[in-house]
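Below is one structure, written out as structure tokens; the observations come after it.
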Amino acid sequence: MRLFLAAWRLQLRLLSRSPFFLGLTVLQPLAFATIAFFVFRGAPAEQTTIVVLGAGLLGAWSGTLYGAAESIFMQRFTGTLEPIVAAPSSFVTTAYGFAAATASLGAYAIAATWIWATAVFGLRLEVASPGWLAASLLSALVGLSVLGVVLAALYVLTRQAMTLSNLLEYPVWILAGVLVPAAALPEPLRVAGRVLALSWSVDAIERSARGESPVVPLLMSVLLAALTAVGAWWMMRRFEFAVRVRGTLSLR
Amino acid sequence: MSVLRLAAVSGWLGFRALFAWNTPGLFFISLLAVPLLQITFFALLGAAAGYQDPTFFLIGNAVLASAMAGMVGMITVIADERRFGTLAHIVASPAVRAAVFAGRAAPSALLGTAVSLLCLLLGAVVLSAPIGWADVPALIGLLLAAGFACSCLGLALSAFGLAYREVFSVANAVYLTLLICTGANVAFGDLPGWLKAVGRGLPLTHALAGVRELAAGAPVGAAPFAFEFLVGFAWLAAALAMLRVFEHMAVRRGTTDLY
């Protein structure tokens, strides 16, 4: 736990001082929220609230995606990846700490979008069940954290982390229904999105905003996040072993 | 003549050395896949809100693709010079820096134009968009103008890269501004006046208006071409001035090899 917290604190401090990441987690959701406000102009307050939260989650995913890539890329670039992997402490725990830090920045994105909507656009946002909403948002950030570890495992294996990040941004936005409502997606995409914990969290967030019970999607989100966490742990161990055998860990 | 040769050689060498040629497959996939995914995302968003039709988002985001490849590609080239430790050598060399960096812009502009054209043609097939073969020369002209203007903007932004390490955060902010202000995803007429004013000074806005006219079957006059090139040349002038200022600043502070 101490290692996890140390990794989380270190990465959070690094990312919080990076103009690129602050821009990514704050400016990007604001830009997409602005477009969405024009596109959904005249929509009821309940729909606007969902759009605002969706735009925030959009930024949270971007932060997780690029944060996971950047954390491994920079360790590799500065030559510190090998000592971290070779250290007797668990690299998987360190990776979880890094991923949790990038997902924590997602809270910035959600808060910034909310402030932008109310202060700049003067929108009236309504949440029927604030307690459930907080739980649903937390589940979304946990889901993003574990997905960040899956990404980190891939980035340990391959040097093409940044290119992969570019490719993965839109598919998850679409499949999880963060800004485009899942109901508007074609059936195959909607079904594919259901394997992501984030899509269930988005469902729970929408239900909380509307005052419906989010218990089932929330439980599904937690279950899928737990399964993803186990998968991420397994991947990280396998890939770490593979790069040690191949001697490619430090290649960049 | 030697300046032109320097620009051409710089562009060719930079393109070969810095454009991810060690994994060309992934490079080309990302070049095309990202704009296509972006078109899909915004088309779905528009469909969910009942705003515009998919062709609107196809055209907007396909033309915007030239910004991604042209502008961001341009910035990446200069940022990578810094990361690989070769920026200080370029700055220290007797070569005309403006020519070296401007030469880097040409491949990005051409790539951006090619990506936009491919996205438009692919999208036109999928969505049966009204862009016929007869429109292709005008379309290429407009996309070239947009690619040129975006690369000039990229060149101006990359000048920040001489003195400032986090140039991608500037690029990201400008790209998001293009996403909103050029009429790519929100109809230009729906934007408030001050955002329209910003958009008119940015690359893409005029070319995009021309492509939309083309898709609507209207004859395209010289205005969209002329205004797009005008915006491009204005950014080129700004870029050349900024390169001088930021190079001087970087040399004085000794920050060219920091990353």
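From first to last, the protein sequence lines are chains A and B. Counting the first sequence from 1 gives a position; this note's numbering is that position plus 29. Counting the second sequence from 1 gives a position; this note's numbering is that position plus 10. Every residue, glycine too, gets a C-beta built ideally from N, C-alpha and C.
If you run the structure through DSSP and keep just helix, strand and coil, what is residue i?
| i | result |
| --- | --- |
| A:Ala-177 | It should be noted that the sequence gives Gly, not Ala, for residue 177 of chain A. Note: A:Gly-177 maps to helix in three-state DSSP. |
| A:Pro-215 | coil |
| A:Glu-111 | helix |
| B:Tyr-61 | coil |
| B:Arg-175 | coil |
| B:Asn-71 | helix |
| B:Ala-109 | helix |
| A:Glu-354 | The question about residue 354 of chain A has no answer, for chain A in this structure spans 30 to 281. |
| A:Glu-99 | helix |
| A:Ser-118 | coil |
| A:Val-207 | coil |
| B:Pro-229 | coil |
| A:Glu-269 | helix |
So residue i contacts chain A; which residues on that side make the cut at Cβ distance below 7 Å?
| i | result |
| --- | --- |
| B:Val-73 | The premise fails here: B:Val-73 is roughly 16 Å from chain A at the closest Cβ pair, so nothing lies under 7 Å. |
| B:Ser-179 | Pro-48, Phe-49 and Gly-52 |
| B:Glu-238 | Neighbours of B:Glu-238 on chain A: none; closest Cβ ~22 Å, over 7 Å. |
| B:Ser-40 | Thr-192, Asn-195 and Leu-196 |
What in chain A is Cβ-close to residue i, meaning under 8 Å?
| i | result |
| --- | --- |
| B:Val-196 | Ile-64, Phe-67 and Val-68 |
| B:Glu-176 | Ser-47, Pro-48 and Phe-49 |
Residues of chain B with CB closer than 8 Å to the CB of residue i, please, in chain order.
| i | result |
| --- | --- |
| A:Gln-57 | Asn-182 and Leu-186 |
| A:Ala-213 | Leu-54, Ala-57 and Ala-58 |
Excluding five sequence neighbours on each side, which residues of the same chain lie with their C-beta closer than 6 Å to the C-beta of residue i?
| i | result |
| --- | --- |
| A:Met-264 | Ala-182 |
| A:Phe-150 | Phe-66 |
| B:Leu-246 | Cys-162 |
| A:Thr-142 | Pro-58, Ala-62, Val-81, Ala-84 and Gly-85 |
| A:Leu-87 | Pro-58, Phe-61, Trp-202, Val-207 and Leu-208 |
| B:Ala-17 | Ala-109, Ala-112 and Gly-113 |
| B:Phe-158 | Ala-119 and Gly-242 |
| B:Thr-123 | Ser-76, Leu-153, Leu-154 and Gly-157 |
Quick one: measure Cβ to Cβ for residue i and residue j, integer angstroms, because I've assumed they're closer than 8 Å.
| i | j | result |
| --- | --- | --- |
| A:Thr-107 | A:Leu-32 | About 20 Å separates the two Cβ atoms, so there is no contact after all. |
| A:Ala-98 | A:Phe-61 | Going by Cβ atoms, the distance from A:Ala-98 to A:Phe-61 rounds to 20 Å, so no, they are not a contact pair. |
| A:Gln-40 | A:Thr-131 | 7 Å |
| B:Ser-76 | A:Pro-48 | About 26 Å separates the two Cβ atoms, so there is no contact after all. |
| B:Val-64 | B:Ala-72 | The sequence given here has Pro at residue 64 of chain B, not Val. Rounded, the Cβ-Cβ distance is 12 Å, inconsistent with contact. |
| B:Pro-117 | B:Cys-160 | With a Cβ gap of about 13 Å, B:Pro-117 and B:Cys-160 do not count as contacting. |
| A:Ala-164 | A:Leu-227 | Not quite, the Cβ-Cβ distance comes to about 15 Å (not below 8 Å), so this is no contact. |
| B:Ala-119 | B:Val-13 | Incorrect: roughly 18 Å between the Cβ atoms, too far for contact. |
| B:Val-57 | A:Phe-69 | Note that residue 57 of chain B corresponds to Ala in the displayed sequence, not to Val. The Cβ separation is near 12 Å, so there is no contact. |
If you measure from the beta carbon of residue i to each beta carbon in chain A, is any gap under 8 Å?
| i | result |
| --- | --- |
| B:Ala-58 | yes |
| B:Glu-257 | no |
| B:Ser-126 | no |
| B:Asp-200 | yes |
Flag residue i as yes if its beta-carbon sits less than 8 Å from any beta-carbon of chain B, otherwise no.
| i | result |
| --- | --- |
| A:Pro-200 | yes |
| A:Thr-192 | yes |
Could you tell me which chain A residues have their CB closer than 9 Å to the CB of residue i, listed as they occur along the chain?
| i | result |
| --- | --- |
| B:Val-44 | Asn-195, Leu-196, Glu-198 and Tyr-199 |
Please go through the same chain and pick out, in chain order, the residues whose beta-carbon is closer than 7 Å to the beta-carbon of residue i, but skip the five residues on each side of it.
| i | result |
| --- | --- |
| B:Glu-257 | Val-101, Arg-107 and Leu-172 |
| B:Lys-206 | Phe-198 |
| A:Met-249 | Trp-229 |
| A:Thr-78 | Leu-154, Glu-155, Val-156 and Ala-238 |
| B:Glu-91 | Leu-97 and Ile-100 |
| A:Gln-104 | Leu-110 and Ile-113 |
Identify, in the order they occur along the chain, each residue of the same chain with its Cβ nearer than 8 Å to the Cβ of residue i, setting aside the five sequence neighbours on each side.
| i | result |
| --- | --- |
| A:Phe-282 | Because chain A spans 30 through 281 in this model, residue 282 of chain A falls outside it and cannot be assessed. |
| B:Ala-148 | Gly-220, Leu-224 and Val-230 |
| B:Val-177 | Ile-85, Ile-88, Ala-89, Leu-167, Ser-168, Phe-170 and Gly-171 |
| A:Leu-253 | Gly-172, Val-224, Leu-225, Ala-226 and Trp-229 |
Cβ closer than 9 Å: which chain B residues qualify as neighbours of residue i?
| i | result |
| --- | --- |
| A:Ile-203 | Leu-47, Thr-50, Phe-51 and Leu-54 |
Name the chain B residues that come within less than 7 Å of residue i, Cβ to Cβ?
| i | result |
| --- | --- |
| A:Ala-60 | Leu-186, Leu-189 and Ile-190 |
| A:Pro-210 | Ala-58 |
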